[in-house]
Structures are given as C-alpha cells and as structure tokens.
Amino acid sequence: MLLQQLIRVPKRSILFWFLITFTVSWAVTAIFGNVFQCSPPRYFWLQTAVKGTCMSGQKTFYIVIGALSLVEDGALVLLPISVVWGLNMGIKQKVQVTAIFCLAGLACVFSLLRLVEFNRYLTNTATEWFQGSSLDTP
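Residue numbers for the sequence shown follow the UniProt record's numbering, beginning at 1 and rising by one.
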C-alpha cells in the first residue's frame, strides 16, 4: 500500500490496481489448481498408497504458473523503480533507493532459475521420482 501512496499518476495507478487484482486472482487460481489437480487431493502426495487420478496437462500448468510468477515479480520490481525516478529527490538518493528495490529483483532471478530447472526436470527421461528417500539412508 506504500506504492498506492506514492503513485499519483493515473496511468500508474491503473497499473498498480491491475497488478493487485492480477496477484490476488493468480494466487487464488494457483492454490485451487494445486489443491484440486488430483482426485482425491491426497493422491498427489500418496500416489503409491492411494488410488486416484491427476489432471492432464499438469506439467503445462506448472510451467504457466512459473512463467506468470516471473512476469509478476518483474512488474512488481519495475513499478516502484519507475515511481522513484519520478520523485523530487537527488540522483544519489534515487540510485540508493533503486538499488534497494533491485534486491527484490533477486526474486525474478530465482523464479527464472526455478522455471529452467523445472523444465529440465520435465524433459529428463531418467528422472528418479523418489530421490528424497535416498537422502534418508545413512
């Protein structure tokens, strides 16, 4: 809501409210998509112990969610930076505040890395589905 106080330009205000609406609707969709992608929902975690099915296109769903997350993170980093450069303050202060906001850009970097790794995981035919159990052995 700090951004709402800083943004006085109508075009940026519309963009701000669009981002809030998009973020909330994206989060609700992702939560419901994750919870109800399998029937019954616990089948997602207990596929060997419970009978059930999962939606087709599950891999595509995760790639789309990851891509939307990356775009959203980028927009949420760029919007405050554009606002800072429109404020009445010295160049040095603008650079310092921009540098702090750029730290949030690390979320974009990690979202991109997650998307790349997930895509690599999906295309690897020799993927071990139960790799976690190998970590339990001494």
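A virtual CB, placed ideally from N, CA and C, is assigned to each residue, including glycine. The structure presented is a predicted model; accordingly, all values stated were derived computationally and were not measured.
_Uninterrupted alpha helix (DSSP H) stretches inside the UniProt domain "Rhodopsin" (11-129) (no shorter than 4 residues)_ = 58-84, 91-103, 105-123
*TYR121 burial status per 10 Å Cβ neighbour count (16 or more: buried)*: The sequence position of residue 121 within the sequence shown is 121, counting from 1. It counts as exposed.
_Within 10 Å of its beta-carbon, does residue 209 have 16 or more other beta-carbons around it, so buried, or fewer, so exposed?_
Here the chain covers residues 1 to 138 and nothing more, so residue 209 does not appear.
*Got a sec: does the ligand FAD put a non-hydrogen atom nearer than 7 Å to the Cβ of CYS54?*
Among the components of this structure there are no ligands whatsoever, and the ligand FAD is therefore not found.
*PRO80 burial status per 10 Å Cβ neighbour count (16 or more: buried)*: Residue mapping note: residue 80 aligns to position 80 of the sequence shown, counting from 1. When all chains shown are included, PRO80 counts as buried.
*Cβ atoms of ILE65 and ALA104: under 8 Å apart, would you say?*
Taking the first residue of the sequence shown as position 1, residue 104 is located at position 104. Taking the first residue of the sequence shown as position 1, residue 65 is located at position 65. For ALA104 and ILE65, no; Cβs fall outside 8 Å.
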